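Sequential numbering of the sequence shown, starting at 7, is according to this note's numbering.
Here a beta-carbon is modelled for each residue, glycine too, at the ideal position from N, C-alpha and C.
Bear in mind the structure is a predicted one, so any value in this text is a computation, not a measurement.
Data block below; observations after.
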Amino acid sequence: MSLDSTTEVLQAVRTRLLTFTPASGSTLATLLGTHAGAGSDGKLYLYQAPDNVTHPYGVLRVIGRDPDGDDGQFLKKPLLELHFYHRPRAQQAACEALADRAEEAWTHWLSSSDVISARGVESRATITYDDPADRELVCVRMLLKARVAPDFLTRYAET
(Lines of atoms letter the chains of each structure in order from A and count residues from 1; the text may use other names and numbers.)
(Lines give C-alpha, C1' and ligand atoms only; values in the text may rest on other atoms or scores of the structure.)
Protein backbone atom coordinates (compact mmCIF):
# COMPACT_ATOMS: atom_id res chain seq x y z
CA MET A 1 0.00 0.00 0.00
CA SER A 2 1.45 3.35 -1.02
CA LEU A 3 0.69 6.22 1.33
CA ASP A 4 2.48 9.29 0.07
CA SER A 5 -0.16 11.83 1.09
CA THR A 6 -2.80 12.61 3.67
CA THR A 7 -5.47 11.96 1.05
CA GLU A 8 -4.11 8.46 0.41
CA VAL A 9 -4.26 7.74 4.14
CA LEU A 10 -7.86 8.96 4.24
CA GLN A 11 -8.74 6.85 1.19
CA ALA A 12 -7.29 3.75 2.86
CA VAL A 13 -9.29 4.42 6.04
CA ARG A 14 -12.42 5.13 3.98
CA THR A 15 -12.02 1.82 2.14
CA ARG A 16 -11.58 -0.02 5.43
CA LEU A 17 -14.69 1.54 6.95
CA LEU A 18 -16.87 0.90 3.91
CA THR A 19 -15.76 -2.67 3.22
CA PHE A 20 -15.56 -4.08 6.76
CA THR A 21 -17.82 -7.13 7.07
CA PRO A 22 -19.40 -7.25 10.52
CA ALA A 23 -20.31 -10.46 12.31
CA SER A 24 -23.96 -9.65 11.69
CA GLY A 25 -25.79 -7.00 9.74
CA SER A 26 -24.91 -4.89 6.72
CA THR A 27 -21.68 -3.15 5.79
CA LEU A 28 -21.36 0.58 6.34
CA ALA A 29 -21.48 1.07 2.56
CA THR A 30 -24.87 -0.66 2.43
CA LEU A 31 -26.22 1.35 5.36
CA LEU A 32 -25.10 4.64 3.80
CA GLY A 33 -26.28 3.85 0.28
CA THR A 34 -24.67 5.25 -2.83
CA HIS A 35 -24.50 8.51 -4.74
CA ALA A 36 -23.10 9.24 -8.19
CA GLY A 37 -19.44 10.24 -8.26
CA ALA A 38 -17.25 9.97 -5.16
CA GLY A 39 -19.95 8.20 -3.18
CA SER A 40 -20.71 5.54 -5.76
CA ASP A 41 -19.30 2.87 -3.41
CA GLY A 42 -20.80 4.36 -0.23
CA LYS A 43 -21.61 7.90 0.84
CA LEU A 44 -18.53 8.46 2.97
CA TYR A 45 -16.74 11.55 1.65
CA LEU A 46 -13.29 12.95 2.24
CA TYR A 47 -13.11 16.53 3.55
CA GLN A 48 -16.69 17.53 2.60
CA ALA A 49 -19.86 16.15 1.07
CA PRO A 50 -21.21 17.38 -2.27
CA ASP A 51 -24.03 19.91 -2.19
CA ASN A 52 -26.58 17.49 -3.68
CA VAL A 53 -25.98 14.51 -1.37
CA THR A 54 -28.95 12.83 0.29
CA HIS A 55 -29.07 11.63 3.90
CA PRO A 56 -27.57 9.60 5.43
CA TYR A 57 -23.92 10.31 4.64
CA GLY A 58 -20.55 10.62 6.33
CA VAL A 59 -17.52 12.92 6.11
CA LEU A 60 -13.96 11.90 7.02
CA ARG A 61 -11.02 14.25 7.48
CA VAL A 62 -7.80 14.74 9.41
CA ILE A 63 -8.09 17.40 12.11
CA GLY A 64 -4.75 17.03 13.80
CA ARG A 65 -1.40 15.39 13.50
CA ASP A 66 1.53 15.21 15.87
CA PRO A 67 4.21 17.15 13.95
CA ASP A 68 7.03 15.40 15.82
CA GLY A 69 5.91 11.95 14.79
CA ASP A 70 7.14 8.91 16.61
CA ASP A 71 9.63 6.05 16.28
CA GLY A 72 12.54 8.10 15.05
CA GLN A 73 10.29 10.33 12.94
CA PHE A 74 9.04 7.35 10.85
CA LEU A 75 5.48 7.38 12.19
CA LYS A 76 2.73 9.98 12.22
CA LYS A 77 -0.20 10.01 14.62
CA PRO A 78 -3.15 11.63 12.89
CA LEU A 79 -6.44 12.33 14.61
CA LEU A 80 -9.28 11.60 12.19
CA GLU A 81 -12.70 13.18 12.48
CA LEU A 82 -15.68 11.20 11.23
CA HIS A 83 -19.16 12.70 11.07
CA PHE A 84 -22.37 10.90 10.15
CA TYR A 85 -25.39 13.01 9.24
CA HIS A 86 -29.03 12.00 8.96
CA ARG A 87 -32.35 13.75 8.70
CA PRO A 88 -35.00 14.02 10.18
CA ARG A 89 -34.22 13.82 13.89
CA ALA A 90 -36.38 10.69 14.13
CA GLN A 91 -33.53 8.94 12.27
CA GLN A 92 -31.14 9.34 15.21
CA ALA A 93 -31.10 5.58 15.88
CA ALA A 94 -30.11 4.95 12.25
CA CYS A 95 -27.36 7.55 12.54
CA GLU A 96 -26.09 5.90 15.73
CA ALA A 97 -26.08 2.55 13.88
CA LEU A 98 -23.76 4.06 11.26
CA ALA A 99 -21.37 5.14 14.01
CA ASP A 100 -21.63 1.72 15.66
CA ARG A 101 -20.59 0.03 12.42
CA ALA A 102 -17.69 2.44 11.89
CA GLU A 103 -16.55 1.94 15.47
CA GLU A 104 -16.64 -1.83 15.00
CA ALA A 105 -14.62 -1.57 11.78
CA TRP A 106 -12.07 0.76 13.38
CA THR A 107 -11.70 -1.23 16.59
CA HIS A 108 -11.13 -4.52 14.77
CA TRP A 109 -8.71 -3.25 12.16
CA LEU A 110 -5.68 -5.48 11.99
CA SER A 111 -3.67 -4.01 9.13
CA SER A 112 -1.72 -6.71 7.32
CA SER A 113 0.83 -4.20 6.12
CA ASP A 114 1.20 -2.34 9.43
CA VAL A 115 1.19 0.88 7.42
CA ILE A 116 -1.90 2.13 9.25
CA SER A 117 -2.79 1.06 12.76
CA ALA A 118 -6.05 1.96 14.48
CA ARG A 119 -5.35 3.25 17.98
CA GLY A 120 -8.94 3.41 19.16
CA VAL A 121 -11.84 5.83 19.27
CA GLU A 122 -10.88 8.92 21.25
CA SER A 123 -14.43 10.21 21.55
CA ARG A 124 -17.94 9.85 20.22
CA ALA A 125 -20.76 12.33 20.65
CA THR A 126 -24.23 12.76 19.24
CA ILE A 127 -24.94 16.33 18.22
CA THR A 128 -28.49 17.60 17.90
CA TYR A 129 -29.14 21.07 16.62
CA ASP A 130 -31.64 23.34 18.31
CA ASP A 131 -31.64 26.15 15.75
CA PRO A 132 -35.04 26.04 13.97
CA ALA A 133 -33.37 25.82 10.56
CA ASP A 134 -31.37 22.73 11.59
CA ARG A 135 -33.45 21.11 14.31
CA GLU A 136 -34.21 18.03 12.18
CA LEU A 137 -30.53 17.30 11.50
CA VAL A 138 -28.76 14.75 13.67
CA CYS A 139 -25.02 14.16 13.65
CA VAL A 140 -22.69 11.69 15.32
CA ARG A 141 -19.07 12.87 15.61
CA MET A 142 -16.24 10.43 16.22
CA LEU A 143 -12.54 11.07 16.69
CA LEU A 144 -10.36 8.17 15.57
CA LYS A 145 -6.73 7.83 16.60
CA ALA A 146 -4.27 6.24 14.18
CA ARG A 147 -0.60 5.52 13.59
CA VAL A 148 0.62 5.82 10.02
CA ALA A 149 3.97 4.97 8.45
CA PRO A 150 3.76 6.85 5.13
CA ASP A 151 6.11 5.94 2.29
CA PHE A 152 7.65 9.40 2.21
CA LEU A 153 9.03 8.79 5.71
CA THR A 154 9.89 5.09 5.63
CA ARG A 155 11.48 4.72 2.18
CA TYR A 156 14.64 6.46 3.36
CA ALA A 157 14.98 4.19 6.41
CA GLU A 158 15.91 1.17 4.28
CA THR A 159 19.49 2.19 3.56
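Cα-Cα separation between residue i and residue j, rounded to whole angstroms
i	j	result
residue 27	residue 14	22 Å
residue 118	residue 68	Here residue 118 scores only 49 on pLDDT, less than 50, and its place in the model is too uncertain to base an answer on.
residue 143	residue 109	21 Å
residue 129	residue 111	15 Å
residue 95	residue 32	22 Å
residue 41	residue 58	9 Å
residue 85	residue 124	10 Å
residue 71	residue 150	12 Å
residue 147	residue 133	7 Å
residue 44	residue 51	7 Å
residue 103	residue 135	19 Å
residue 154	residue 11	11 Å
Proximity to residue i [Cα-Cα], best of the options
i	options	result
residue 36	112, 143, 100 and 151	100
residue 113	56, 132, 127 and 50	127
residue 22	62, 46, 115 and 103	115
residue 60	131, 48, 148 and 84	48
residue 92	42, 145, 124 and 31	145
residue 122	82, 30 and 51	82
residue 89	64, 51, 140 and 53	64
residue 152	135, 87, 103 and 102	87
Cβ separation of residue i and residue j, assumed to be a contact under 8 Å, to the nearest whole Å
i	j	result
residue 24	residue 16	Going by Cβ atoms, the distance from residue 24 to residue 16 rounds to 12 Å, so no, they are not a contact pair.
Where residue i falls, given that 16 or more other Cβ within 10 Å makes a residue buried
i	result
residue 107	buried
residue 131	exposed
residue 141	exposed
residue 29	exposed
residue 53	exposed
8 Å CB neighbourhood of residue i in its chain, flanking five on each side removed
i	result
residue 39	48, 49, 60 and 62
Beta-carbon proximity list for residue i, same chain, < 7 Å, skipping 5 on both sides
i	result
residue 55	63 and 65
residue 105	90, 130, 146 and 148
Own chain partners of residue i with C-beta closer than 6 Å, once the 5 adjacent residues on each side are dropped
i	result
residue 98	144
residue 46	40
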